[in-house]
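Participant: Protein chains in written order, with our numbering: chain P, 1442 to 1732; chain B, 2 to 414. Even for Gly, the Cβ is constructed at its ideal location relative to N, Cα and C. Take this structure first; my questions come after.
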Amino acid sequence: MDLSLIIMQLLSGIALGAVLVITALGLTIVFGMLGVVNFAHGALFMIGAYAGLYLASLTGSFWWGLLLAPILIGAFGMLIEFVLIRRLYGRSIDDPLLLTFGLSYVLVEGVRIVFGSDGIPFPTPPQLIGVLDLGIGFFPRYRLFVIVLVAVVLLALWLTLEKTRVGLIVRAGARDPTIMQVLGVDIGRVWLAIFGLGVGLAALGGVLAGPMRSVNPEMGSLVLAEAFVVTVIGGLGSIVGAVVAGLMVGISISLVALFAPEMATIVMFALMAVVLLIRPQGLFGVRGRTA
Amino acid sequence: MPKSGSTPKVTRRTALAGLSASAALLAMPRLGRAADETIRIGFPTPLTGPFAAEARDQVKCAELAVKLVNDKGGIGGRKVELLVRDDKLNAGEAATRTLELIEKDKVHAVVGALSSAVQLAVNEVTRARGVIYVSISQSDTINEAKDFSKYTFHEALNPHMTTAAVARQTLKKGMKVAHLVADYAYGHEMLRGFKRAQAAIGADNVGEILHPFGAADYSTFMPRLMSMRPDVLCISNFGRDQANAIKQAVDFGVKQQMKIVVPVILHNQRLAVGPDVFEGVVGGANYYWGLEAQSKSAASFNAAFKAANGGAIPTDYGAYGYSGVGSLLAAMQVADGTDTDKVVDALEKLQYDLTKSPQHYRKCDHQSVQSVLVLESKKKSAMAGDNDLFAILANDTGSDDMLRSCSELGHAT
């Protein structure tokens, strides 16, 4: 087995991990800051892919779809928070879980009714069709673009959370919402924005995945399971954890695929089991935290 | 599991359940009489999951076959009814639904299932209860003596005949062949078929990769497949797996280095990923609407389907639903009713031509002897219209020689 093959395999693992990171990030942010386990995250990922496809065909450009779909679906997420989730804060963690679980069925069935249950082609943007010769092998341009875009989004997110006033309020709100209210911060607005951000990230993941897979109503269910595995490995609520675990899962799947391809799906669950045995709170999780 | 159920205690709930059960029992004679009036065909199929597109076409075509018979007054004056159930592409679910169809709905025969693994589960149930089952998806195992029963009929092509036809069109002596295979019964059977055909032709196997069933991402298999440097890549999977695997292989530039071949090329999946991705992909098929240029039965099947479905055209797996139900109903016409032994006898003697060319069920294993198509996906500029997806490379006339011999399958000859 030569080195260039292993490097190519690592690269496909990173590209695979990039989409996982984006999706798991939305899930973990919403859990970490709102204490809501969003079971509709996979469905919103799927809605994002459909919205991206629809907007791309409407405007004639993939780039508008990529930009507008996360914003639009993020706004839709805020509507969900405002109308539904908000009523359940302060109750047990099961209530929003059940609500979002039901919501995921509504969304999937809704898409089946509007767009049909067959897959729809999502063409790769013309600028990114084809492969790039890396010297050691060929790699799809589009997947390289996904790696770069995810890196940029992560950087922007990190800067916003760590270096701006808004980020400060958000981080403080996650720690102690009561004190924030006493200090005169409208915490309801913060929660609204956070949920919108989480959903927007799911939608971004969906648009990015669209040209790699065909778009269909069930595409979110597998993604939801993967995103949960990543958040559990990384530690529920941990942003750094989601990034590290997402890449770790992607690379593990890819390297296992090289030696034992039929095990490729199982490896992430095995990884999760091992992490839970050694560090039950996840790699970057805080022990005993229940949000 | 707690063993609380092992001590029988009469609670209000069990008493109520018992009461309603006896009420149902009292109502039975009436239901029994109704049973003589309509002929009921059970139709388990995976309406949800990765094969949903193909399953829905099967239902539409099966309904068409039923409608055409009912329009002509049914069978001996009895109307035919199709009872469609979602088996969720799960063997356990399919077995439960089939059992319900037999025990509760009192169906006279079962047609359906769309997975080589699920059909074996359905066959277990029907075989044990002596109910006729016409399977309409690919399997080699169902032909073999250990899974066979006199009630089991296989209308679909089987992997052996499909891969042989496809290999004849695509492989040459000395060619290097690599395989990407779904890790379940269908994939394994297709791989076995291809390897047998390869050996006969003299092509070399350079590697095989099994992928998990229902995977969404295939990128991790591509670098290794390309490093094998094959001339032909055979991708043996089904439904959405086919669309995703081919799309991602094309993204990785696989087509520049090798030809992509599939055992069964799917109309719906070609639609789902578009002409550019599928361009040049070759695969087998039981049916393609374009056969109407050379087959009168195809032309009339297309016309009937269009009339019933607002101008849509029938697809490959859809056609199985039509010929599976159609051949069963034709046999019931001959048997003048639903007497199982008479219908089995009629099916064994039946010569039918419903969608493409003459077919019959071989006596020893009840495999439908039929023609096999080999299709090539057209490039966008060569398409005469939205439905002009494939060019017909070969249309091999059906014959017993295409099948494994009865003795190889373990049947007494």
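Rounding to the nearest angstrom, what Cα-Cα distance links G1551 of chain P and V1656 of chain P in this structure?
Facilitator: Position 110 of the first sequence, counted from the start, is the residue given in the question as residue 1551 of chain P. Position 215 of the first sequence, counted from the start, is the residue given in the question as residue 1656 of chain P. One C-alpha to the other measures close to 15 Å.
Participant: Go through the segment 265-347 of chain B residue by residue and report every complete run of the beta strand (DSSP E) that reaches 3 residues or more, in order.
Facilitator: 283-286
Participant: What in chain D is Cβ-close to V274 of chain B, meaning under 8 Å?
Facilitator: No chain D is part of this structure, whose protein chains are labelled P and B.
Participant: Looking only at its chain, what residues have a beta carbon closer than 6 Å to the beta carbon of F279 of chain B, apart from the 5 residues adjacent to it on each side?
Facilitator: The residue you call residue 279 of chain B lines up with position 278 of the second sequence. Excluding residues within five positions, the ones whose Cβ falls inside 6 Å are R271 and S378.
Participant: Residues of the segment 273-306 of chain B in Cβ contact with chain P at a cutoff of 7 Å, in chain order, please.
Facilitator: Taking 7 Å as the cut-off between beta carbons, the residues of the segment 273-306 of chain B near chain P are A273, V274 and G275, in sequence order.
Participant: Would you mind working out which of B:Q368, B:A331 and B:V167 sits nearest I393 of chain B, comparing C-alpha positions?
Facilitator: To locate residue 393 of chain B, count along the second sequence from 1; it is residue 392. It is B:V167.
Participant: Does any CB atom of chain B fall closer than 8 Å to the CB of Y1530 of chain P?
Facilitator: As a working note, residue 1530 of chain P is residue 89 in the first sequence. Judged by the 8 Å Cβ criterion, Y1530 of chain P is not in contact with chain B.
Participant: So with Cβ pairs under 8 Å, would you call S1502 of chain P a contact of chain B?
Facilitator: Position 61 of the first sequence, counted from the first residue, corresponds to residue 1502 of chain P. Chain B contact via Cβ: absent.
Participant: Beta-carbon of T1541 of chain P versus every beta-carbon of chain B: anything under 8 Å?
Facilitator: Translated into the one-based positions of the first sequence, residue 1541 of chain P becomes position 100. No - not a single Cβ of chain B is within 8 Å of the one on T1541 of chain P.
Participant: State yes or no: is the C-beta of I137 of chain B within less than 8 Å of the C-beta of V108 of chain B?
Facilitator: Looking up residue 137 of chain B in the second sequence gives position 136. Looking up residue 108 of chain B in the second sequence gives position 107. The answer is no: Cβ separation not under 8 Å.
Participant: Measure the alpha-carbon distance for M1487 of chain P versus T1706 of chain P and round it to whole angstroms.
Facilitator: Indexing the first sequence from 1 puts residue 1487 of chain P at position 46. Indexing the first sequence from 1 puts residue 1706 of chain P at position 265. Approximately 20 Å, taken between the alpha carbons.
Participant: Rounded to a whole number of angstroms, what is the C-alpha to C-alpha distance between T1601 of chain P and S117 of chain B?
Facilitator: Locating residue 1601 of chain P in the first sequence gives position 160, where the first residue counts as 1. Locating residue 117 of chain B in the second sequence gives position 116, where the first residue counts as 1. Cα to Cα, T1601 of chain P sits roughly 52 Å from S117 of chain B.
Participant: Identify whether P160 of chain B lies in helix, strand or coil by the three-state DSSP scheme.
Facilitator: For the purposes of this step, residue 160 of chain B is taken as the residue at position 159 of the second sequence. Helix.
Participant: On the CB-based measure, 16 or more other CB atoms within 10 Å of its CB, does P1721 of chain P come out buried or exposed?
Facilitator: The residue you call residue 1721 of chain P lines up with position 280 of the first sequence. Under this definition P1721 of chain P is an exposed residue.
Participant: Check whether the Cβ atoms of A1516 of chain P and L1496 of chain P sit closer than 8 Å, and answer yes or no.
Facilitator: Position 75 of the first sequence, counted from the start, is the residue given in the question as residue 1516 of chain P. Position 55 of the first sequence, counted from the start, is the residue given in the question as residue 1496 of chain P. Taking 8 Å as the Cβ cut-off, A1516 of chain P and L1496 of chain P do not qualify as a contacting pair.
Participant: Under 8 Å, Cβ to Cβ, is there at least one residue of chain P near Q59 of chain B?
Facilitator: As a working note, residue 59 of chain B is residue 58 in the second sequence. No, no contact with chain P.
Participant: Given that R225 of chain B touches chain P, what residues does it touch there, using C-beta distances under 7 Å?
Facilitator: Looking up residue 225 of chain B in the second sequence gives position 224. By Cβ distance, chain P contributes L1446 and L1699.
Participant: Can you tell me whether N388 of chain B is buried or exposed, with buried defined as 16 or more other CB within 10 angstroms of its CB?
Facilitator: As a working note, residue 388 of chain B is residue 387 in the second sequence. Exposed, since its Cβ has fewer than 16 Cβ neighbours within 10 Å.
Participant: Round the Cβ separation of D366 of chain B and Q360 of chain B to the nearest angstrom and send it over; I've been treating them as touching at under 8 Å.
Facilitator: As a first step, residue 366 of chain B is located in the second sequence; it is residue number 365 there, counting from the start. As a first step, residue 360 of chain B is located in the second sequence; it is residue number 359 there, counting from the start. Rounded, the Cβ-Cβ distance is 14 Å, inconsistent with contact.
Participant: Here's a check: name, in chain order, each residue in its chain whose Cβ is nearer than 7 Å to the Cβ of E64 of chain B, leaving out the five neighbours to either side.
Facilitator: Stepping through the second sequence from its first residue, residue 64 of chain B is reached at position 63. If we look at E64 of chain B and ignore the five residues flanking it on each side, its Cβ neighbours are L83.
Participant: Between which residues of its own chain and K357 of chain B is the CB-CB distance below 7 Å, once the five residues before and five after are set aside?
Facilitator: Counted from its first residue, the second sequence places residue 357 of chain B at position 356. Taken in chain order, the residues that qualify are Y288, L292, S296, S298, A299 and S372.
Participant: Just the chain B side, please: which residues come within less than 8 Å of V1552 of chain P by C-beta, in chain order?
Facilitator: For the purposes of this step, residue 1552 of chain P is taken as the residue at position 111 of the first sequence. By Cβ distance, chain B contributes nothing, its closest Cβ being about 13 Å from V1552 of chain P, past 8 Å.
Participant: Output yes if chain P places a C-beta closer than 8 Å to the C-beta of F253 of chain B; else output no.
Facilitator: Locating residue 253 of chain B in the second sequence gives position 252, where the first residue counts as 1. F253 of chain B counts as touching chain P.
Participant: Chain P partners of R86 of chain B, CB-CB under 9 Å?
Facilitator: Translated into the one-based positions of the second sequence, residue 86 of chain B becomes position 85. Those do not exist, as R86 of chain B stays about 17 Å from chain P at its closest Cβ, beyond 9 Å.
Participant: At a CB distance below 9 Å, what residues from the segment 1457-1472 of chain P approach chain B? Give them in sequence order.
Facilitator: L1457 and V1460
Participant: Tell me which same chain residues have a C-beta within less than 7 Å of the C-beta of L1696 of chain P, skipping the five on either side of it?
Facilitator: Sequence index remark: in the first sequence, residue 1696 of chain P carries index 255 (1-based). The residues are Q1450 and G1454.
Participant: Helix, strand or coil for N206 of chain B? Go by DSSP, reduced to three states.
Facilitator: In the second sequence, residue 206 of chain B corresponds to position 205, counting from 1. When DSSP states are grouped into helix, strand and coil, N206 of chain B belongs to the strand group.
Participant: Buried or exposed: which applies to W1504 of chain P, given that a residue is buried once 16 or more other Cβ atoms fall within 10 Å of its Cβ?
Facilitator: Position 63 of the first sequence, counting from 1, holds the residue named residue 1504 of chain P. Under this definition W1504 of chain P is an exposed residue.
Participant: Of all the residues that make up the segment 232-251 of chain B, which are near chain P by a beta-carbon distance shorter than 8 Å?
Facilitator: If the cut-off is 8 Å between Cβ atoms, the segment 232-251 of chain B has R241, A244, N245, K248 and Q249 near chain P.
Participant: According to the Cβ coordinates, are K89 of chain B and P47 of chain B closer than 8 Å?
Facilitator: Working through the second sequence from its first residue, we reach residue 89 of chain B at position 88. Working through the second sequence from its first residue, we reach residue 47 of chain B at position 46. Yes, Cβ-Cβ distance for K89 of chain B and P47 of chain B is below 8 Å.
Participant: What are the residues that DSSP puts in a beta bridge with S369 of chain B?
Facilitator: The count along the second sequence starts at 1 and reaches residue 369 of chain B at position 368. DSSP lists B:Y362 as the beta-bridge partner residues of S369 of chain B.
Participant: My understanding is that D184 of chain B touches H155 of chain B, with C-beta atoms under 8 Å, so please give their C-beta distance in whole angstroms.
Facilitator: Against the second sequence, residue 184 of chain B aligns to sequence position 183. Against the second sequence, residue 155 of chain B aligns to sequence position 154. Their Cβ separation, rounded to whole angstroms, is 23 Å, which puts D184 of chain B and H155 of chain B out of contact at 8 Å.
Participant: Return no unless some Cβ of chain B is closer than 8 Å to the Cβ of T1752 of chain P.
Facilitator: Residue 1752 of chain P lies beyond the stretch modelled for chain P, which goes from 1442 to 1732, so this question has no answer here.
Participant: Could you tell me whether any Cβ in chain P is nearer than 8 Å to the Cβ of A53 of chain B?
Facilitator: Residue 53 of chain B sits at position 52 when you count from the first residue of the second sequence. Yes, contact with chain P.
Participant: Since T153 of chain B sits in a beta bridge, which residues does DSSP pair it with?
Facilitator: Looking up residue 153 of chain B in the second sequence gives position 152. Beta-bridge partners assigned by DSSP to T153 of chain B: B:Y134.
Participant: So which residues of chain P does P213 of chain B contact, with C-beta pairs closer than 9 Å?
Facilitator: Here residue 213 of chain B refers to the residue found at position 212 when the second sequence is read from its first residue. Within 9 Å Cβ-Cβ: P1702, E1703, M1704, A1705, T1706 and I1707.
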